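Colleague: One line per chain: the protein sequences are A and B, in this order. Its first residue numbered 1, the first sequence is counted upward by one per residue in this note's numbering. Its first residue numbered 1001, the second sequence is counted upward by one per residue in this note's numbering. We put the CB at the ideal spot given by N, CA and C, even for glycine. What you are looking at is a predicted structure, and each value in this text was computed from that prediction instead of being measured.
2 protein chains.
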Amino acid sequence: MAAGVGLRKVSIPSAVEIAERLAAGALSAREVADSCLERIGARDGEVRAFAHLDPAQVRAEADALDRHRKAGRPIGPLHGVPVAVKDIIDTATYPTENGSPLDAGRRPRQDATLVARLRAAGALVIGKTVTTEFAYYRPGPTRNPHNLAHTPGGSSQGSAAAVGDGMVPLAIGSQTAGSVIRPASFCGVVGYKPTYGMVSLAGVLSICEPLDTAGVFATTVEDAALVGTVLAGYDAADPRTRPVARADLLAAARSEPPAAPRLAIVRGPTWDAAEPDLVGLIDEIAEALGDEADAVDLPAPYDDAFALQQRLMKVGFARHLTRYLERGADAVSELMRAAIAEGAAVTAVDYLAARDMQTALAVGLDRVFDRYDAILTPAAPGEAPAGIEATGSPVFNALWTFVGTPAITLPLATGSTGLPIGLQLVGRPGEDGRLLRTARWLQRRLAEA
Amino acid sequence: MAAGVGLRKVSIPSAVEIAERLAAGALSAREVADSCLERIGARDGEVRAFAHLDPAQVRAEADALDRHRKAGRPIGPLHGVPVAVKDIIDTATYPTENGSPLDAGRRPRQDATLVARLRAAGALVIGKTVTTEFAYYRPGPTRNPHNLAHTPGGSSQGSAAAVGDGMVPLAIGSQTAGSVIRPASFCGVVGYKPTYGMVSLAGVLSICEPLDTAGVFATTVEDAALVGTVLAGYDAADPRTRPVARADLLAAARSEPPAAPRLAIVRGPTWDAAEPDLVGLIDEIAEALGDEADAVDLPAPYDDAFALQQRLMKVGFARHLTRYLERGADAVSELMRAAIAEGAAVTAVDYLAARDMQTALAVGLDRVFDRYDAILTPAAPGEAPAGIEATGSPVFNALWTFVGTPAITLPLATGSTGLPIGLQLVGRPGEDGRLLRTARWLQRRLAEA
Chain A
1 MAAGVGLRKV SIPSAVEIAE RLAAGALSAR EVADSCLERI GARDGEVRAF
51 AHLDPAQVRA EADALDRHRK AGRPIGPLHG VPVAVKDIID TATYPTENGS
101 PLDAGRRPRQ DATLVARLRA AGALVIGKTV TTEFAYYRPG PTRNPHNLAH
151 TPGGSSQGSA AAVGDGMVPL AIGSQTAGSV IRPASFCGVV GYKPTYGMVS
201 LAGVLSICEP LDTAGVFATT VEDAALVGTV LAGYDAADPR TRPVARADLL
251 AAARSEPPAA PRLAIVRGPT WDAAEPDLVG LIDEIAEALG DEADAVDLPA
301 PYDDAFALQQ RLMKVGFARH LTRYLERGAD AVSELMRAAI AEGAAVTAVD
351 YLAARDMQTA LAVGLDRVFD RYDAILTPAA PGEAPAGIEA TGSPVFNALW
401 TFVGTPAITL PLATGSTGLP IGLQLVGRPG EDGRLLRTAR WLQRRLAEA
Chain B
1001 MAAGVGLRKV SIPSAVEIAE RLAAGALSAR EVADSCLERI GARDGEVRAF
1051 AHLDPAQVRA EADALDRHRK AGRPIGPLHG VPVAVKDIID TATYPTENGS
1101 PLDAGRRPRQ DATLVARLRA AGALVIGKTV TTEFAYYRPG PTRNPHNLAH
1151 TPGGSSQGSA AAVGDGMVPL AIGSQTAGSV IRPASFCGVV GYKPTYGMVS
1201 LAGVLSICEP LDTAGVFATT VEDAALVGTV LAGYDAADPR TRPVARADLL
1251 AAARSEPPAA PRLAIVRGPT WDAAEPDLVG LIDEIAEALG DEADAVDLPA
1301 PYDDAFALQQ RLMKVGFARH LTRYLERGAD AVSELMRAAI AEGAAVTAVD
1351 YLAARDMQTA LAVGLDRVFD RYDAILTPAA PGEAPAGIEA TGSPVFNALW
1401 TFVGTPAITL PLATGSTGLP IGLQLVGRPG EDGRLLRTAR WLQRRLAEA
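#1: Pull out every residue of the segment 309-322 of chain A whose Cβ sits closer than 7 Å to any Cβ of chain B, in chain order.
#2: Leaving out the 5 sequence neighbours to the left and right, which residues in its chain are closer than 6 Å to A2 (chain A) when beta-carbon positions are compared?
#3: Select from B:V1395, B:A1260 and B:A1253 the residue whose C-alpha is nearest the C-alpha of V1016 (chain B).
#4: Do we get a CB-CB distance below 8 Å when we pair F1244 (chain B) with the residues of chain A?
#5: Could you please give the first and the last residue of the uninterrupted beta strand (DSSP E) stretch that includes G173 (chain A)?
#6: Look at the alpha carbon of S1028 (chain B) and the alpha carbon of A1413 (chain B), and state the distance between them as a whole number of angstroms.
#7: Among A:Y324, A:A329 and A:A260, which residue has its Cα nearest to the Cα of A293 (chain A)?
#8: Using CA coordinates, which residue listed in B:K1070, B:E1046, B:A1051 and B:G1045 is at the minimum distance from A1024 (chain B)?
#9: Using alpha carbons as the reference points, say which of B:R1067, B:R1428, B:A1019 and B:R1319 lies closest to P1406 (chain B).
#10: Report the CB separation of A51 (chain A) from V125 (chain A) in whole angstroms; it is logged as a contact under 8 Å.
#11: Please name the residue, chosen from A:K86, A:K314 and A:S333, that lies closest to A345 (chain A) on a Cα-to-Cα basis.
#12: D272 (chain A): buried (16+ other C-beta within 10 angstroms of its C-beta) or exposed?
#13: Check whether the Cβ atoms of G80 (chain A) and L22 (chain A) lie closer than 8 Å to each other.
#14: How many whole angstroms separate the CB atoms of P55 (chain A) and L37 (chain A), which I take to be in contact at a CB cut-off of 8 Å?
#15: Considering only C-alpha positions, which residue in the set B:R1434, B:E1383 and B:R1067 is nearest to P1258 (chain B)?
#16: Comparing the C-beta of T1241 (chain B) with each C-beta of chain A, is any distance below 8 Å?
#17: In chain B, what lies closer than 7 Å to Y351 (chain A) by C-beta?
#18: Quick one: what does DSSP say P276 (chain A) is sitting in, helix, strand or coil?
#19: So, under 8 Å CB-CB, A1218 (chain B) and P1169 (chain B) are touching, yes? Tell me the CB distance rounded to an integer number of Å.
#20: Leaving out the 5 sequence neighbours to the left and right, which residues in its chain are closer than 8 Å to R59 (chain A) when beta-carbon positions are compared?
#21: Check F1306 (chain B) in the structure and name its three-state DSSP category.
#22: Please look up how many angstroms separate the CB atoms of V1180 (chain B) and A1224 (chain B), rounded, as I've assumed it's under 8 Å.
#23: Could you have a look at L1410 (chain B) and say whether DSSP puts it in helix, strand or coil?
#24: Could you give the DSSP three-state label for F369 (chain A): helix, strand or coil?
#25: What beta strand (DSSP E) runs, 3 residues minimum, are completely inside the segment 1213-1261 of chain B?
#26: Counting only C-beta atoms, is A341 (chain A) closer than 8 Å to chain B at any point?
#27: For R437 (chain A), I'd like the list of residues in its chain whose CB is within less than 7 Å of its CB, leaving aside the five on either flank, ordered along the chain.
#28: From this set, A:L423, A:V115, A:E448 and A:V296, which residue's C-alpha is nearest I88 (chain A)'s C-alpha?
#29: Could you tell me the distance, in whole angstroms, from the CA atom of T1091 (chain B) to the CA atom of L352 (chain A)?
#30: At which residues does the beta strand (DSSP E) containing H1052 (chain B) begin and terminate?
#31: For A1329 (chain B), count the other beta carbons within 10 Å of its own beta carbon; 16 or more makes it buried, fewer makes it exposed. Which is it?
#32: Considering only the beta carbon of each residue, do L1419 (chain B) and H1146 (chain B) sit closer than 8 Å?
#33: Please state whether the Cβ-Cβ distance between Y1192 (chain B) and I1408 (chain B) is less than 8 Å.
#34: Distance check for L211 (chain A) and A307 (chain A), CA to CA, integer angstroms please.
#35: Is R440 (chain A) buried or exposed, if buried means 16 or more other CB atoms sit within 10 Å of its CB?
#36: Determine the chain A residues that contact A1344 (chain B) at a beta-carbon separation under 7 Å, and present them in chain order.
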């Protein structure tokens, strides 16, 4: 691999390692929890990744998990693994405040389905992570763990920062525009956005039903695959999920590609936003891959994807968040008020036209996925911008959220000011296993280069 | 049954009879076609049910069907049975003009899926029937066969009149507000609107995707069930259809109820529109059924169903028919132009709120269907109104279209001026067989009363 591009090293053990050592009795949930709490205690005063965290409760839950295991009872694939959860996702053990003072102290009566699935798999929900206001643009206090003067990205900023800093091996976020893939890039971690509809969003703040997707932050592709397997599945409470067989994504991620993968390098309709670091990185990777990758242009209709994604999202804001204006418009950011007003003005006909294009652009990608295993494309315009007043641009994410493809951020490089830069690998909807397998192949392939 | 309420007699053989006699070789498709053509020739100058009819082509197709059968090749369940098709449904053998001069001479390249299914079952598509303009309010020239000075209803006016006059045993229509159930009542025939999504609408003019439903006009419940069985099924070209097993609706319709059915008599939120004939009819039937039926009131949210159905429909007009304004606004009726303008002004948020209520009201009916086999409710405010400048009110239909329930008009009575009055039986979505079985039971039950 050429100069300036290097695989980032991660210091905390992966979830897979922790789970294996716990299952073997070589480690206790309490030891793992204590080591996370120690790192959080040392660092979170500056990083500010957590919105809610109760160390005493965490230790008690860890002890209960250890008693369960020591009693010889069956344990799940995430037994004792700490997971941080974005604060728009309902938890029965912590408040869920949606990044808004209007929800201060809000206590859900029950866990979101995805939290219940994590707990059923034995995970320890260690705390709630900072989200931007209603998962849109007004940031919370979180800082980039690699440089506190920079944003960690958004909206899942606390989740990305907590994993990026080594406070926890895993965190859950969500993406309606670019809220998983972009902060993962800025914080130097793996960010995995599963196929639209794969993970239930019952109990998660609705921003925009046709776009909202839960996502995972992890330090390895295998960890993301393990959590994806746990989270996936039909939920009668979320009509977007389908009653289909659950795949073992970890096994798929670990498998060897049956043939040498081929990648489509898509710079995409928003390439003008690319910063020099990104331009150089894509060029270097294209060169390193040689015949294994082709540059592919998307046809003109894809130019509209960003605007159409924004239209749907703003209608979603108007639909779901207008009630907050009624409760206290002054406590809602000006950015959000403007977005709600824009969304409220969209006509049904324009909304439905965007929905139609959503289907058309998704179907149109078959042409690419028929020839390539995955699309390699930017995750963000470059390094995390300086300052924490804004979270950077989702301009390289909106298209892939719009069409519902699975996507993963791979922390492949370091930029010119020493901050991480990830690239995004995008797969065919429903073929998450193949995407994760291709992601692991790409990591190995570039490490050899 | 009390005075003033009597089962209507029908003179033409049913589709089931025709199919049986044809299969037995006791009748030829040509003989059946000739007898339909004769009736059409004698009557259609006045009734004006047909928009397109080519007797020479009909005879040629009938002869081909006879040759096929005589060659000993396998025949379908509708072999040789003439079916008339509403002129918003694409046919490769006839123009499809959507009731608009702007589509004069429009020749589809292929049959709608439902037409292809009819042909695959051996049916003879005899001609195209008059529709109101784009299946909305501006009527065509069709008259009520029972009294030419009265409307046959709309929008499937030619289909209802052709069956009501005995020109054909079967016709296909569609319903977005009340376009099958109401004209069936006015024309004294059975009108069957299957569960939403049961019949593919690929190749049918889209008015409003969340409401549009194909329907059947017939002289008996069994005929409607036979055609429903043929039309039902998954079609990749229509995402509203589902890949589920096809039920034999004819067998279901003919089966005995496992227990004595119980009916909910729902006068409904628009009961103020009921004319004295209808009020008397419902009272008489309630009395005849005694303990087998209960009067059931729907809770307040159902009061909004009509307005919400109209909102969705008008958005549909704006979405699908604005292109006609561009091609020639003068050729579009003032009523339609006003509806398009109304639909264009609906916001996405209001549209989505109506879609939410659609789900909520549908789910809310479980309370009724858990206790009753079917809902008995008006099909129209009374007899067909005088004049052919308007098609009568869909006020008793919009709710049931909105919630996607299967429904059937049973021609149960004659009103004070001698015109038919039907009542509507409504079933639980997906339980079309049970609805048709209950409909046959009700007919027998009232004939005994």
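Modeller: To lay it out plainly:
#1: V315, A318 and R319
#2: For A2 (chain A), the pLDDT reaches just 36, beneath the cut-off of 50, and the residue's location in the model is therefore unreliable, leaving the point undetermined.
#3: B:A1253
#4: Here residue 1244 (chain B) is Val; the residue named in the question, Phe, does not match the sequence. No - not a single Cβ of chain A is within 8 Å of the one on V1244 (chain B).
#5: L170 to Q175
#6: 34 Å
#7: A:A260
#8: Comparing Cα positions, the closest option is B:K1070.
#9: B:R1428
#10: A51 (chain A) to V125 (chain A), Cβ: 13 Å. No contact.
#11: A:K314
#12: The Cβ neighbour count for D272 (chain A), taken over all protein chains shown within 10 Å, is under 16; the residue is labelled exposed.
#13: yes
#14: Sure, about 5 Å apart at Cβ, within 8 Å.
#15: Out of B:R1434, B:E1383 and B:R1067, B:R1434 has the C-alpha closest to the C-alpha of P1258 (chain B).
#16: no
#17: The answer, in chain order, is A1348 and Y1351.
#18: helix
#19: 7 Å
#20: The beta carbon of R59 (chain A) is closer than 8 Å to those of R30, A33, D34 and L37 in its chain, skipping five residues each way along the sequence.
#21: helix
#22: That belief does not hold up - the Cβ atoms of V1180 (chain B) and A1224 (chain B) are roughly 10 Å apart, past 8 Å.
#23: Here L1410 (chain B) sits in strand by DSSP.
#24: helix
#25: 1213-1218
#26: So, not an interface residue.
#27: A252, A253, S255 and P257
#28: Checked all of A:L423, A:V115, A:E448 and A:V296; the closest Cα to I88 (chain A) is A:V115.
#29: Between the alpha carbons of T1091 (chain B) and L352 (chain A) lies a distance of about 28 Å.
#30: F1050 to L1053
#31: exposed
#32: yes
#33: Between Y1192 (chain B) and I1408 (chain B), the CB-CB gap stays under 8 Å.
#34: 13 Å
#35: buried
#36: T347 and V349
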